[in-house]
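A.B. asks: Sharing a structure below in structure tokens format, with a few things to ask.
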Amino acid sequence: MQHELAEILNILKFAGIFAPVFFILLHMMRQFLFLPVGLICMAGGVLFGSVYGTLYSIIGITLSSLLFYGLLKRMPNSLNRFMKIKRKIVGKRMPFSIGQIAILKLIPFIHFSLLSLLVLEITKGFKEYTKASVVSNVPLAFMYSTFGHYIFHLSVVWGIGIAAMMLVFFHLLRTKEWIVKWEDFFEKEKGKTPAKSA
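To get our numbering, take the position in the sequence shown, counting from 1, and add 11.
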């Protein structure tokens, strides 16, 4: 991971005054290059400092989320495929709240597109999706931009402490109510037909 971070830093250093633009574009192209979002945020913190690194990362991650939204709206088949994957991983459970999704985004090995799908699932329309994306992206951008340098040097005790705190917040920020659609509640099993009355 440190080697990849060094490569990203070398590429962005050559961009000169256009480095912020290239950095934001890198965030947008990240999902196609299979780069971890946290890694790019850390590079932003090193290059631009915690304030500008966080700001540029919020812009880049949000534009990446909007690109994901646009692609899914144009390709309904891809949306259905993503929804099937989401059901296999998450199952039919109470929808995550924005706070819970923001915490999940802090975990490096959780696929970012899946989390964008969770945001899409709990929002209605483009405006609400954009607002929810920005809100859930702020903790991710801030944490990795500001504290990215120290992540590699955290002791086991600190790591366990942070993980425990995240679990507590994840529980506290859960959705308190759950609206179930009529057809989901009375969903028929595939292949079974109702018995005919005599």
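Glycine included, every Cβ here is placed at the ideal spot set by N, Cα and C.
If contacts are defined as beta-carbon pairs under 8 Å, then H38 and L66 qualify, I think. What distance do you get, rounded to the angstrom?
C.D. replies: Numbered from its first residue, the sequence shown carries residue 38 at position 27. Numbered from its first residue, the sequence shown carries residue 66 at position 55. Their Cβ separation, rounded to whole angstroms, is 12 Å, which puts H38 and L66 out of contact at 8 Å.
A.B. asks: Count the other CB atoms, across all protein chains shown, that sit within 10 Å of the CB of A206; report buried if there are 16 or more and exposed otherwise.
C.D. replies: Stepping through the sequence shown from its first residue, residue 206 is reached at position 195. Here A206 scores only 48 on pLDDT, less than 50, and its place in the model should not be relied on; the value that follows carries that caveat. Counting Cβ neighbours within 10 Å, A206 comes out exposed, since fewer than 16 surround it.
A.B. asks: Excluding sequence positions up to five away, which residues of its chain have a Cβ less than 6 Å from the Cβ of V146?
C.D. replies: To locate residue 146, count along the sequence shown from 1; it is residue 135. Cβ neighbours of V146 beyond the five flanking positions: I109.
A.B. asks: Helix or strand or just coil, what does DSSP make of T108?
C.D. replies: Residue mapping note: residue 108 aligns to position 97 of the sequence shown, counting from 1. One detail in the question is off: residue 108 reads as Ser in this sequence, not Thr. Of the three classes helix, strand and coil, the one that applies to S108 here is coil, per DSSP.
A.B. asks: Mapping the DSSP letters down to three states, classify H38 as helix, strand or coil.
C.D. replies: Locating residue 38 in the sequence shown gives position 27, where the first residue counts as 1. Note: H38 maps to helix in three-state DSSP.
A.B. asks: With DSSP as the reference, label M154 as helix, strand or coil.
C.D. replies: Looking up residue 154 in the sequence shown gives position 143. Three-state DSSP puts M154 in a helix.
A.B. asks: State buried or exposed for V116, treating a residue as buried only when at least 16 other CB atoms are found within 10 Å of its CB.
C.D. replies: Sequence index remark: in the sequence shown, residue 116 carries index 105 (1-based). Looking at the sequence shown, residue 116 is not Val but Lys. By the Cβ-count criterion, K116 is buried, with 16 or more other Cβ atoms from all chains shown falling within 10 Å of its own Cβ.
A.B. asks: For the alpha helix (DSSP H) that A26 lies in, which residues bound it at each end?
C.D. replies: Numbered from its first residue, the sequence shown carries residue 26 at position 15. A26 -> no alpha helix (DSSP H), and no H or E assigned at all.
A.B. asks: Mind checking V48: buried by the 16 CB within 10 Å criterion, or exposed?
C.D. replies: Residue 48 sits at position 37 when you count from the first residue of the sequence shown. Buried, by the Cβ-count rule.
A.B. asks: Apply the 10 Å Cβ neighbour rule to A17 and answer buried if 16 or more other Cβ atoms are within range, or exposed otherwise.
C.D. replies: To locate residue 17, count along the sequence shown from 1; it is residue 6. Classification for A17: exposed.
A.B. asks: Is C52 closer than 8 Å to S156 when the C-beta atoms are compared?
C.D. replies: Sequence index remark: in the sequence shown, residue 156 carries index 145 (1-based). Sequence index remark: in the sequence shown, residue 52 carries index 41 (1-based). Closer than 8 Å, so yes.
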